[in-house]
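**Q**
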Ligand code: PLV
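Residue numbers (this note's numbering): 185 to 506.
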């Protein structure tokens, strides 16, 4: 069986435009060029490989899109069948890509939480393994490889890591990675959009909070409740939660396309928006984020395989950004 990981060692590049906007040297960890277009393949690939090694017969994965794409890619590599359950907000482009990867696709419910309920049911009936998009220790272990790569290529530890939070899998993986390389004092700036701000709400309440609905256009950040592990991470590391408007996330997507010539989903735009809107500088001014001279900030360009030019246009007109 294939033992090599399914993800690639992604490039870490300095961005002049993000550095200018952020008022500090900004490096982009380019997860958008991973197989299937996001960081998800790190954790999902690892999880699928491990459960396949233990003899599973097939996978069921509930997803806003990207976890499903990564799982379908992994299943294909492993020669195992997979059903991906997505909510109706997942676009036809993503459904087509999933089918091209050989996955059976089922659309269930309006938001990821609905699709997840159906996926658990299906996994039970089929006797297949359910692949969770953000809440599994093996998944975090896979995502942690991202931090190991940062450690391998940076001379000094970063002043901060900026990333997006949906259900908190990426966050938990980065925290696991920080522990592994002895960087647990590196602060994380966690970005969400209003209407998908389940992590922010949980931090404010000091316990898990379930949002009534996902109203943000960043559907890939749309888990109504974050994982318990995400909340625990805030006890172990300094995590600064920041929430942006949909308009800020979508503007950031367009700005990033112009600046770096790469198209990412609004989920990723949320993280980029913290730099483009000057939030990072604001945190520094307020003394919430230390910025030693010469230090670098890493932004995880989490990417997203489900966006095309036409969708960006549609999002802009939906939000009145013409
Ligand atoms: N998306 C999940 C959950 O959706 C999915 O099924 O694809 N950036 C991108 C491009 C993503 O697709 C996701 C997660 C995230 C960030 C957030 O990652 P998380 O869930 O690990 O915090 C509902």
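Beta carbons: idealized from backbone N, C-alpha and C, even for Gly. Here the structure is a predicted model, which is why all the values come from computation and not from measurement.
For residue 418, collect the residues of the same chain with a Cβ closer than 7 Å to its Cβ; drop the 5 residues on either side in sequence, then sort them by chain order.
**A** Cβ within range, chain order: 387.
**Q** Below 6 Å CB to CB, which residues in the same chain sit around residue 399 once its five sequence neighbours on both sides are set aside?
**A** Within the same chain, residue 399 has close Cβ partners 379.
**Q** So which of 294, 360, 307 and 335 has the shortest CA-CA distance to residue 322?
**A** With distances taken between Cα atoms, residue 322 lies closest to 360.
**Q** If you measure between the beta carbons of residue 384 and residue 427, is that distance less than 8 Å?
**A** Against a cut-off of 8 Å, the Cβ pair of residue 427 and residue 384 comes out as a contact.
**Q** Any heavy atom of the ligand PLV closer than 7 Å to the beta-carbon of residue 329?
**A** The answer is no for residue 329.
**Q** If contact is defined by three or more beta carbon pairs under 8 Å, each pair taking one atom from either stretch, is the region 281-291 in contact with the region 312-327?
**A** Too few Cβ pairs lie closer than 8 Å, so no.
**Q** Whose C-beta lies closer than 6 Å to the C-beta of residue 224 among residues of the same chain, with five residues either side of it excluded?
**A** Hits under 6 Å: 250, 251 and 254.
**Q** Please state the DSSP three-state secondary structure of residue 245.
**A** Strand at residue 245.
**Q** Taking only runs that begin and end inside the region 305-332, name each unbroken beta strand (DSSP E) of 3 or more residues, in chain order.
**A** Whole beta strand (DSSP E) segments, 3+ residues: 313-315.
**Q** Return the bridge partner residues of residue 295 from the DSSP annotation.
**A** DSSP, once it has assigned bridges, lists no residue as partnering residue 295.
**Q** In chain order, what residues of the same chain have a beta carbon less than 6 Å from the beta carbon of residue 196, not counting five sequence neighbours either side?
**A** If we look at residue 196 and ignore the five residues flanking it on each side, its Cβ neighbours are 211, 213 and 337.
**Q** Does the Cβ of residue 325 lie closer than 7 Å to at least one heavy atom of the ligand PLV?
**A** Residue 325: no, Cβ never under 7 Å from the ligand PLV.
**Q** Given a cut-off of 8 Å on the beta-carbon distance, is the pair residue 467 and residue 423 in contact?
**A** No.
**Q** Using 8 Å as the threshold, is the region 293-302 in touch with the region 235-249, meaning 3 or more CB pairs across them?
**A** Short answer: they touch.
**Q** Grab me the residues of residue 560's own chain with a C-beta within less than 7 Å of its C-beta, minus the 5 sequence neighbours each way, in chain order.
**A** The structure shown does not extend to residue 560, since the chain spans only 185 to 506, so no value can be given for it.
**Q** When you compare the CB positions of residue 350 and residue 227, do they come within less than 8 Å of one another, or not?
**A** Going by C-beta atoms, residue 350 is not nearer than 8 Å to residue 227.
**Q** Mind checking which residues open and close the alpha helix (DSSP H) that includes residue 431?
**A** Element bounds for residue 431: 430-444.
**Q** Using a Cβ-based criterion (distance less than 7 Å to any ligand heavy atom), does residue 224 qualify as near the ligand PLV?
**A** Under cutoff, so the answer is yes.
**Q** Let me confirm a value: residue 430 is counted as buried when at least 16 other C-beta atoms fall within 10 Å, else exposed. Which label applies?
**A** Burial call: buried.
**Q** Quick check for students: name the residue ranges of the beta strand (DSSP E) that lie wholly in the region 338-385, counting only runs of 3 or more.
**A** Listed in chain order, the complete beta strand (DSSP E) runs (minimum 3 residues) inside the region 338-385 are 344-348 and 372-377.
**Q** Under DSSP, the beta strand (DSSP E) around residue 197 begins and ends at which residues?
**A** Looking at the DSSP string, the run of the beta strand (DSSP E) that includes residue 197 is 196-198.
**Q** Classify residue 501 as buried or exposed, calling it buried when 16 or more other Cβ atoms lie within 10 Å of its own Cβ.
**A** Residue 501 is exposed by the Cβ-count criterion.
**Q** So, at 6 Å on beta carbons, what are the nonlocal neighbours of residue 410 in its own chain, with the 5 sequence-adjacent residues on each side left out?
**A** Result list for residue 410: 351, 352, 382, 383 and 386, in chain order.
**Q** Residue 416: buried (16+ other C-beta within 10 angstroms of its C-beta) or exposed?
**A** Residue 416 should be labelled exposed.
**Q** Quickly, what does DSSP pair residue 480 with across the bridge? List them, please.
**A** Answer is 209, bridged to residue 480.
**Q** With distance defined between alpha-carbon atoms, name the residue in 291, 407 and 230 nearest to residue 189.
**A** Comparing Cα-Cα distances from residue 189 to each of 291, 407 and 230, the minimum goes to 230.
**Q** Take the Cβ of residue 348 as the centre, count every other Cβ of all protein chains shown within 10 Å, and call the residue buried at 16 or more, exposed below.
**A** Flag for residue 348 reads buried.
**Q** Kindly indicate which residue of 279, 367 and 483 has the alpha-carbon position closest to the one of residue 200.
**A** It is 483 whose Cα lies nearest to the Cα of residue 200.
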